[in-house]
Amino acid sequence: NSANNDSSILTLLGYKRGSRHKTNQPRKNNNHKAKKGNRSNTRPLVAAHTDVGVITILAFDPGDSCATLQRRCHGHPNSGNDGPDEEWMNIELPPHDGEDSGPYLVVNIGDCFSELSGGILPSTIHRVVPNRNCHMPRSCLAFFVGLEPTTELTFPGTQGVILYEEWRKQRIARAAAVAV
1 NSANNDSSIL TLLGYKRGSR HKTNQPRKNN NHKAKKGNRS NTRPLVAAHT DVGVITILAF
61 DPGDSCATLQ RRCHGHPNSG NDGPDEEWMN IELPPHDGED SGPYLVVNIG DCFSELSGGI
121 LPSTIHRVVP NRNCHMPRSC LAFFVGLEPT TELTFPGTQG VILYEEWRKQ RIARAAAVAV
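Just so you know, the UniProt record's numbering puts 70 at position 70 of the sequence shown, and the rest follows in order with no gaps.
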């Protein structure tokens with residue numbers, strides 16, 4: 001039963017049980033258009049997180065939407081903190097070129113790829129924040145790319161191998177321990 005599981009996706013993304021999709025309360029619609037170096041006290045639609053796998057490919061419909069993807073500014077000392085002192089940068093997509101424009105693709109580096117690179121390619125800490133005065137629904141499709149569960153991994157600076165599925169379970173357990 002996923003309702004009683006502390007490793008549910010919403011829990012791992014930083015939400016407490018029952019905190020999403022409440023229909024009996026009006027929804028806040030805060031405006032936050034972060035520029036590099038700005039701070040936000042807006043509650044995100046999706047809390048700050050990294051993706052566990054190798055890469056994530058996000059496909060966005062062109063045009064304005066009710067939400068903005070943001071990434072944490074590199075080198076900021078509050079690694080992974082989603083508080084008001086965290087600094088965020090909007091992922092700016094090119095303007096819509098017309099009816100035939102296809103989706104835009106954004107690629108995030110996942111935790112597995114980051115660890116395999118010895119941290120040279122850092123995981124992308126990202127979140128989604130609401131936009132005010134939007135006129136189009138948010139349309140985004142995420143492709144989470146992982147490895148075969150039985151793929152043997154050897155990480156820089158470690159000895160021995162670990163199967164991808166075992167590494168993934170350990171990484172999710174660490175994330176769940178932080179989210180509690």
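C-beta atoms are modelled at their ideal positions from N, C-alpha and C, and glycine is treated no differently. For clarity, every value in this text was computed on a predicted model and none was experimentally measured.
Ranking 71, 151, 119 and 93 by CA distance to the CA of residue 126 puts 71 first. Membership of residue 140 in the beta strand (DSSP E) is indicated by the continuous run 140–145. If the five residues before and after residue 113 are omitted, its C-beta is found closer than 7 Å to the C-beta atoms of 54, 55 and 121, all from its own chain and listed in chain order. Between residue 134 and residue 66, the gap from beta carbon to beta carbon is short of 8 Å. Apart from the 5 residues on each side of it in sequence, residue 68 sits with its Cβ closer than 6 Å to the Cβ of 90, 129 and 131 in its chain, given in chain order. When DSSP states are grouped into helix, strand and coil, residue 87 belongs to the strand group. Taking a C-beta distance under 8 Å as the contact criterion, residue 143 and residue 51 do not qualify as a contact pair. Closest in C-alpha terms to residue 163, from the list 147, 43, 105 and 58, comes 147.
Around the beta carbon of residue 110, 16 or more other beta carbons lie within 10 angstroms, which makes this residue buried. Burial check for residue 158: the Cβ neighbour count within 10 Å stays below 16, so the residue is exposed. DSSP places residue 60 within a strand segment (E or B) once states are collapsed to three.
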